[in-house]
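S.K.: Have a look at the structure that comes next, please.
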Amino acid sequence: MSHSIFIIFLFIAIATVTTAAKEYFVGNHVGWRIPPPNETEIYTIWASRRRFYIGDTLRFRYSASSVVQVDKYGFYHCDSTHPISFSVDGNTVVKLDKVGTVYFISGNSERCSKGQRMIVNVNNVRQHYPPAAHPPCNQYYSLAPSPSQGYGSGSGAGAGAGALLDSGSAVLASASVMALVVALAGLGLCLVEG
């Protein structure tokens, strides 16, 4: 009996880790705005460096702009006349609820044509891989801290760099700790009953 309880607790722990949805802050500390002229693909590059799954959410933070979900035509033509969704609240959260490609643009065609647009590919099954190394980004538009910045220590540009990590990392860490606690609780029950 105690072996069965341990197996059940272990299954719950594994299921908790593998289904933990993540929330991504689009553009990290930069937010959703017109990128510099030499970095017009910055949001699509940002999205291509991440794996998105059903249940994950994207948080767009912005001012004087909008977030419009459009079809492929709307994306490539910066056309928001037939939106799938439209938001101007400055803190838009979009839940990724189906597999496939999702397109986002600014509702202002001029801002869109200057690079305020993004393609997101949504996958079906979450698999945990070790983090991949990414080439460094421009210092002005950095989407991740450089190794020399450290995490939350020092002053100046490097201060608070830990805040640049996606909140998805925190969710995954929390889910992993929860899974460990559940597994240890199950093991403890097995030892007590055994």
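Here the sequence shown stands for residues -20 to -1, 1 to 174, numbered as in mature numbering (1 follows the signal peptide of the UniProt record, and there is no 0).
We put the CB at the ideal spot given by N, CA and C, even for glycine.
Bear in mind the structure is a predicted one, so any value in this text is a computation, not a measurement.
#1: Once the 5 residues before and after V47 are set aside, which same chain residues still bring their CB inside 7 Å of it?
#2: Are the CB atoms of Q49 and V74 within a distance shorter than 8 Å?
#3: How is E19 classed by DSSP in three states: helix, strand or coil?
#4: Less than 8 Å separating the beta-carbons of T20 and G95?
#5: Kindly indicate the opening and closing residues of the alpha helix (DSSP H) around S93.
#6: If you scan the region 7 to 94 from start to end, which runs of the alpha helix (DSSP H) of 4 or more residues do you find wholly inside it?
#7: Under DSSP, the beta strand (DSSP E) around N104 begins and ends at which residues?
#8: Give the straight-line distance between the Cα atoms of F57 and R91, rounded to the nearest whole angstrom.
M.R.: Looking at the atomic coordinates:
#1: Here residue 47 refers to the residue found at position 67 of the sequence shown. W12, F40, S67, T72 and F84.
#2: Your numbering for residue 74 matches position 94 in the sequence shown. Your numbering for residue 49 matches position 69 in the sequence shown. In this structure, Q49 lies closer than 8 Å to V74 by Cβ.
#3: Residue mapping note: residue 19 aligns to position 39 of the sequence shown, counting from 1. In this structure, E19 counts as helix in the three-state DSSP scheme.
#4: To locate residue 20, count along the sequence shown from 1; it is residue 40. To locate residue 95, count along the sequence shown from 1; it is residue 115. Yes, these two residues count as a Cβ contact at 8 Å.
#5: Counting from 1 along the sequence shown, the entry for residue 93 is found at position 113. Its alpha helix (DSSP H) spans residues S89 to S93.
#6: 22 to 28, 52 to 56 and 89 to 93
#7: Residue mapping note: residue 104 aligns to position 124 of the sequence shown, counting from 1. From DSSP, N104 is part of no beta strand (DSSP E); its letter is neither H nor E.
#8: If you number the sequence shown from 1, residue 57 lands on position 77. If you number the sequence shown from 1, residue 91 lands on position 111. According to the sequence provided, residue 57 is His. The question's Phe does not apply to it. The straight-line gap from Cα to Cα measures roughly 12 Å.
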